[in-house]
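Residue numbers (the UniProt record's numbering): 1 to 333. Quick reminder that beta carbons are idealized off the backbone N, C-alpha and C, glycines included.
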Amino acid sequence: MKVAVVGIGAVGSAACRFLAEAGHTVVGFERFTIGHGMGSSHGESRIIRYAYPEAHYTQLMGQAYPLWDALEQAAGEELFVRCGGLFFAPKNHPELTSMQQALAVNGVAHQLLSAAEVAERYPALVLAEGEQAIWQSDAGFLRAGAVVRAQARLARAAGAELRENIVIESLEELESFDHVIVCAGAWTNTLFPESPLPLTVTRQQVTYLSGELTGYPVWIDAESYWYGFPSDGRIAGVKLARHIPQVPFAPDQPDRPTLTSDDDAARAYAATRFPSLGPEVTHHASCLYTNTPDESFVFDHPRPKTTRVSACSGHGFKFSILMGRLAADSATK
């Protein structure tokens with residue numbers, strides 16, 4: 001089959017690789033360069049985890065993890081740092097309770113730790129006496145930009161043609177293909193004027209504060225939605241951010257100024273949770289969220305010979321390799 005893939009980010013690069021390795025003719029189209037910083041798939045790190053309040057996401061991760069391991073082996077470079085994960089909240093918090101249930105139902109090993117046990121293992125993290133944490137050893141982070149570049153490299157090695165700086169204005173341009181996969185992120189609705197999705201694009205910022213957390217896990221505060229990473233060995237400082245969509249943002253807008261309010265919020269949060277971190281900002285990064293109203297993903301067929309994969313809603317990178325695989329399978333059935 002001859003398949004077009006529009007958008008060569010995390011999902012698109014995976015789809016191109018799987019299609020090419022299966023022997024199909026693949027042409028990928030990227031409006032910027034592969035690995036660009038204008039969308040949702042770039043940067044140094046994205047959390048990967050089984051722990052979710054929704055059991056179906058935990059189940060899907062059971063399919064995604066082997067694909068990540070296989071990609072890392074095929075690429076011959078470190079793409080997945082398995083440092084473990086801590087997910088904390090006040091005792092009996094519904095998010096934490098649901099996470100425990102989802103892990104148990106899916107047979108994922110985990111531990112429930114008291115605030116004192118967390119302090120013994122990770123003294124730089126401060127939990128209140130009435131809080132507790134789930135520890136899950138398979139969590140960690142994916143080196144996002146390196147993942148996209150590796151998948152694109154493997155796709156090309158398998159015969160895929162990946163065209164950069166090409167903007168597809170209409171799907172009619174691709175009528176010669178047997179199937180079209182659209183994974184265009186924030187630009188998805190521009191290609192489906194007749195069947196737009198209820199998407200809201202927002203710009204999100206992450207802040208790196210001075211200090212070091214070597215040997216620490218990734219972490220998520222399940223009550224406030226702050227999350228963060230250990231020192232990654234690539235960028236000075238410690239990365240943290242908040243998983244709350246910001247104001248709507250036009251994805252074609254090139255000017256993405258630093259939000260000092262986000263820096264101030266990161267400092268205030270770190271002062272209570274990680275008091276050993278300094279107030280100096282060592283690095284900023286921004287990306288786009290493409291959000292559905294309930295943060296669910298989109299995988300549908302709005303027109304013949306077309307698969308639409310979109311709306312990671314700020315938590316989809318860990319699933320992207322699986323979505324790319326499913327999109328490739330859907331296109332060739």
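* Have a look at L154 and H42 and give me their C-alpha separation to the nearest angstrom. => Numbered from 1 along the sequence shown, position 154 holds the residue referred to as residue 154. Numbered from 1 along the sequence shown, position 42 holds the residue referred to as residue 42. Using only the alpha carbons, I get a separation of about 18 Å.
* Asked: According to DSSP, what are the bridge partners of G7?
  -> To locate residue 7, count along the sequence shown from 1; it is residue 7. None; G7 has no bridge partner.
* To do: Please go through the same chain and pick out, in chain order, the residues whose beta-carbon is closer than 8 Å to the beta-carbon of T282, but skip the five residues on each side of it.
  => By one-based count along the sequence shown, residue 282 stands at place 282. The residues are Y208, L209, S210, I235, A236, G237.
* **Cut-off 6 Å between Cβ atoms - residues of its own chain near T188, not counting five sequence neighbours on either side** => Here residue 188 refers to the residue found at position 188 when the sequence shown is read from its first residue. Within the same chain, S310 come within 6 Å of T188 by CB-CB distance, once the 5 residues on both sides are set aside.
* Asked: Between the stretch 174 to 189 and the stretch 259 to 277, do at least 3 Cβ pairs fall closer than 8 Å?
  -> No: the two stretches stay apart, fewer than three of their Cβ pairs being nearer than 8 Å.
* Asked: What are the start and end residues of each continuous alpha helix (DSSP H) run of 4 or more residues lying completely inside the stretch 94 to 130, in chain order?
  -> If we require 4 residues or more, the alpha helix (DSSP H) runs fully inside the stretch 94 to 130 come out as 94 to 105, 115 to 121.
* Asked: Taking I168 as the reference, which of W135, F29, I34, F80 has the closest Cα?
  -> Working through the sequence shown from its first residue, we reach residue 168 at position 168. The residue with the shortest Cα to Cα distance from I168 is F29.
* With distances taken Cα to Cα, identify the nearest neighbour of T272 among S224, G107, K333, A328. => Counted from its first residue, the sequence shown places residue 272 at position 272. Ranked by Cα distance from T272, the options S224, G107, K333, A328 are led by S224.
* Asked: With distances taken between CB atoms, is the gap from P90 to A64 smaller than 9 Å?
  -> One-based indexing of the sequence shown puts residue 90 at position 90. One-based indexing of the sequence shown puts residue 64 at position 64. Not closer than 9 Å, so no.
* Using only alpha-carbon positions, find the residue among L277, D329, I181 that is nearest to V228. => Indexing the sequence shown from 1 puts residue 228 at position 228. For the sequence presented, residue 228 should be read as Gly rather than Val. Closest by alpha carbon: L277.
* Using CA coordinates, which residue listed in D294, V6, K2, E164 is at the minimum distance from L197? -> Mapped onto the sequence shown, residue 197 falls at position 197. Distances from the alpha-carbon of L197 to those of D294, V6, K2, E164 put D294 closest.
* Asked: So who's on the other strand from H284, going by DSSP bridges?
  -> Taking the sequence shown and counting its residues from 1, the one referred to as residue 284 is at position 284. T207, per the DSSP bridge assignment.
* Asked: Looking at the unbroken alpha helix (DSSP H) that takes in T272, where does it start and where does it end?
  -> Here residue 272 corresponds to residue number 272 of the sequence shown, with the count starting at 1. Counting along the chain, T272 sits inside the alpha helix (DSSP H) bounded by residues 260 to 273.
* **Straight-line gap, V108 to C312 (C-alpha atoms, nearest Å)** => Taking the first residue of the sequence shown as 1, we reach residue 108 at position 108. Taking the first residue of the sequence shown as 1, we reach residue 312 at position 312. Distance between the alpha carbons of V108 and C312: 24 Å.
* To do: Specify whether the stretch 135 to 151 and the stretch 72 to 81 touch according to this definition: at least 3 beta carbon pairs, one from each stretch, less than 8 Å apart.
  => Short answer: they touch.
* To do: Please name the residue in L326, G140, R303 whose C-alpha comes closest to that of D69.
  => In the sequence shown, counting from the first residue as 1, residue 69 sits at position 69. Minimum Cα distance to D69 is reached at G140.
* Residue range of the beta strand (DSSP E) that includes W219 -> Translated into positions along the sequence shown, residue 219 becomes position 219. In the DSSP annotation of this structure, the continuous segment of the beta strand (DSSP E) that includes W219 starts and ends at 218 to 221.
* W135 - partner residues in DSSP beta bridges -> Position 135 of the sequence shown, counting from 1, holds the residue named residue 135. Bridge partners of W135: L86, Q111.
* Just the Cα atoms here: how many angstroms apart are A146 and T58? -> Against the sequence shown, residue 146 aligns to sequence position 146. Against the sequence shown, residue 58 aligns to sequence position 58. One C-alpha to the other measures close to 24 Å.
* Asked: According to DSSP, what are the bridge partners of R308?
  -> Counting from 1 along the sequence shown, the entry for residue 308 is found at position 308. V182, D300.
* Asked: If you draw a straight line from the alpha carbon of N291 to that of A241, how long is it in whole angstroms?
  -> Residue mapping note: residue 291 aligns to position 291 of the sequence shown, counting from 1. Residue mapping note: residue 241 aligns to position 241 of the sequence shown, counting from 1. Straight-line Cα distance between these residues: approximately 17 Å.
* **Enclosing alpha helix (DSSP H) for A331 [first to last residue]** => As a working mapping, residue 331 is identified with position 331 in the sequence shown. Run containing A331: 320 to 332, per the alpha helix (DSSP H) assignment.
* When the Cα atoms are used, what is the spatial distance from L112 to L174? -> Numbered from its first residue, the sequence shown carries residue 112 at position 112. Numbered from its first residue, the sequence shown carries residue 174 at position 174. One C-alpha to the other measures close to 52 Å.
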